[in-house]
Amino acid sequence: MHGHRLGPDNAISKLPEIIIGDKDAKTYIFDLYLVDMARVYREEKEDQRLICNHTPKELLHTAVGLLSVSLVSMDKTTIYEALTEKSSVTLFFISRDDDCAEYLLEKNARILENKNKSKKSENSALMKKLQDAFQAASSRNPEEEDAYESGVEETSDFGLVFSSDISSGSEAEDEEEAKSSSDEESVREGGDNENADEAYEIMEEGCEESNCTSTSSEEGDQITKKCSSGYYAFLSSCLERKIMIKEFFSCESNVAKKNVLLTMLGPEHKMAAVCNFRVRRVDNKKRVIHITFLSVRKHLRRLGIGTRIIEIIKTPQMSGHYDAMVVHADLNATEFFANNGFSGDPLLNKQWASFAGEYVNCLLMTYFPPLSFGASTTNGSKLLKSIDKSIDDWLVATGNVHQMQYTLCKRLRAEVVRLQNQLLSQDSLIQVLKREVVKQAHLIDALRARAVANGQRDGDESLGLSLDAISFSTLPPPMNMESRLSLGFKGVTFKECAGDMD
Numbered sequence: 001m002h003g004h005r006l007g008p009d010n011a012i013s014k015l016p017e018i019i020i021g022d023k024d025a026k027t028y029i030f031d032l033y034l035v036d037m038a039r040v041y042r043e044e045k046e047d048q049r050l051i052c053n054h055t056p057k058e059l060l061h062t063a064v065g066l067l068s069v070s071l072v073s074m075d076k077t078t079i080y081e082a083l084t085e086k087s088s089v090t091l092f093f094i095s096r097d098d099d100c101a102e103y104l105l106e107k108n109a110r111i112l113e114n115k116n117k118s119k120k121s122e123n124s125a126l127m128k129k130l131q132d133a134f135q136a137a138s139s140r141n142p143e144e145e146d147a148y149e150s151g152v153e154e155t156s157d158f159g160l161v162f163s164s165d166i167s168s169g170s171e172a173e174d175e176e177e178a179k180s181s182s183d184e185e186s187v188r189e190g191g192d193n194e195n196a197d198e199a200y201e202i203m204e205e206g207c208e209e210s211n212c213t214s215t216s217s218e219e220g221d222q223i224t225k226k227c228s229s230g231y232y233a234f235l236s237s238c239l240e241r242k243i244m245i246k247e248f249f250s251c252e253s254n255v256a257k258k259n260v261l262l263t264m265l266g267p268e269h270k271m272a273a274v275c276n277f278r279v280r281r282v283d284n285k286k287r288v289i290h291i292t293f294l295s296v297r298k299h300l301r302r303l304g305i306g307t308r309i310i311e312i313i314k315t316p317q318m319s320g321h322y323d324a325m326v327v328h329a330d331l332n333a334t335e336f337f338a339n340n341g342f343s344g345d346p347l348l349n350k351q352w353a354s355f356a357g358e359y360v361n362c363l364l365m366t367y368f369p370p371l372s373f374g375a376s377t378t379n380g381s382k383l384l385k386s387i388d389k390s391i392d393d394w395l396v397a398t399g400n401v402h403q404m405q406y407t408l409c410k411r412l413r414a415e416v417v418r419l420q421n422q423l424l425s426q427d428s429l430i431q432v433l434k435r436e437v438v439k440q441a442h443l444i445d446a447l448r449a450r451a452v453a454n455g456q457r458d459g460d461e462s463l464g465l466s467l468d469a470i471s472f473s474t475l476p477p478p479m480n481m482e483s484r485l486s487l488g489f490k491g492v493t494f495k496e497c498a499g500d501m502d
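Heads up: the sequence shown at position 79 corresponds to 79 in the UniProt record's numbering, and the numbers run straight through without jumps.
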């Protein structure tokens, strides 16, 4: 595999399904699709029902909506651009319809158990918000272009569609999810956590756009606009399905009618996870895999799906032969990526300076592939833990030595600068004193010449003064030390220079 190609050479590729079990021995089956969105739109396949009876366009809008509820500081145009980048592909985890329906039934059962007056008022308010949002999205003028426009959409629209996926993102919960993903199909040990929906979010959330974004071409803008077409129609259909399901559950006789519920499911219910990654070239030599976005639905985050996605991307069958894999990790997600072999060492990541500043408020982390690929060893093995501990200890020791060496070099440099300035000051003082000696010598010569001009002769005592008697004693008294120090050279007084010598 060469160049920018990732995965099979198709616009849409169906990968082997993934089967994962939870701590209650429940089995989840996920269909995997690798989609090259840019190629899909070039081949005009965006409206064909090729992915679990859904179109690539629907999955694109779903992915943008799911990512936007967490990346609140990032404009959806940026997300569309990343998902439709020519050198990028997107990996979709699609849940089976039965699993989606069962989750909705279980969720409604939990709501009924906690039902009270305050809940009724909250549900009424939520239904009012859904209806208002649906009315706003569906009442757009048909003549208006149905593409997303930055700054037009209300920020709460997709928040209503994916209300259960808005992360509260505590760091402790993130760390627990990182620990839970140590095995391919393992779950969290001792995972009796009531806040299951508050588990880890594996993504680059909070990574705000850098001000130094590259200017896109007109062609790129047109592609992005084309890909975002149908945005409001999709948003309207999502809100309509949300209202229908809420009305369905409002009737107590429907609480167990799973078959009816299956007909109301949309792509926003079936999408379990989404990951976008691309190929980058560094110095025209290194082939780097850059994970742009990675998000897992909140109610599925305890299954180790995020780790499974990372493992899939790491394989040469998916990414080919690469020199490194990088990710702009949110500060709350660094533990997860470290658990999957990524390093946040600043010296190590300095080589990616060409794109390190694309996002801020996050940590650039790097994974280096092994020399040869084979059967993977679980992260929980004692051997790997021992190796990881040795590497961490070596990094700490190396960092301490680096700090000491850097500190010593900086202090030596400062001392050299001080000595250099002191030598320059002393040399300046010597030069001034030399000029004063020359000046005194000229005065002596002038006095001798004046004496000769007045007719003085050697040995003539009538004048009472011989030429040999003209010396420094007959000149004006020399300056005292205080006067000399008050002299200046290039804005620096010799008194200040003398102070440097102390």
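Note that the Cβ used here is the ideal one computed from N, Cα and C, for glycine as well.
When the alpha-carbon of A273 is set against those of Y33, K128, G21, the nearest one is in Y33. Contact annotation: E43 and I29 have beta-carbon atoms that are not nearer than 7 angstroms. Taken in chain order, the complete beta strand (DSSP E) segments of 3 residues or longer contained in the stretch 272 to 328 are 286 to 296.
When DSSP states are grouped into helix, strand and coil, L60 belongs to the helix group. In terms of Cβ geometry, F337 and M318 do not form a close pair [threshold 7 angstroms]. Per the coordinates, the alpha-carbon of K434 lies some 52 angstroms from the alpha-carbon of G399. Judged by DSSP in its simplified three-state form, E17 adopts strand. Beyond the five residues adjoining it in sequence on each side, H269 comes within less than 6 angstroms, by CB distance, of C100 in the same chain, given in chain order. When beta bridges are read from the DSSP output, L364 appears opposite H328. Looking from the CA of T62, the closest CA among F162, S138, L371 belongs to F162. It is roughly 13 angstroms from the alpha-carbon of N53 to the alpha-carbon of K14. In this structure, F134 lies away from S68, with their beta-carbon atoms at least 7 angstroms apart. Residue ranges of uninterrupted beta strand (DSSP E) with 3 or more members, entirely inside the stretch 67 to 139 and ordered along the chain, are 88 to 95. Taken through DSSP and simplified to helix, strand or coil, F342 comes out as coil. When beta bridges are read from the DSSP output, L433 appears opposite no residue. Within the same chain, and ignoring the five residues on either side of S236 in sequence, the residues whose Cβ sits closer than 8 angstroms to its Cβ are F134, A137, S138. Here F248 really is in contact with M264; their C-beta atoms are around 7 angstroms apart, less than 8 angstroms.
In the assembly as shown, E46 is a buried residue. Its beta-carbon has 16 or more other beta-carbons within 10 Å. Under the DSSP assignment, L261 falls outside any beta strand (DSSP E), being part of the alpha helix (DSSP H) whose first and last residues are 258 to 262. In the three-state reduction of the DSSP assignment, F248 falls in the helix class.
DSSP links I243 through a beta bridge to no other residue.
Put simply, of A109, C227, N284, M244 the residue whose alpha carbon is nearest the alpha carbon of K57 is C227.
Using a 10 angstroms sphere on the CB of L383, the tally of other CB atoms stays under 16, which defines it as exposed. Residue pairing from DSSP places T27 in a beta bridge opposite G21.
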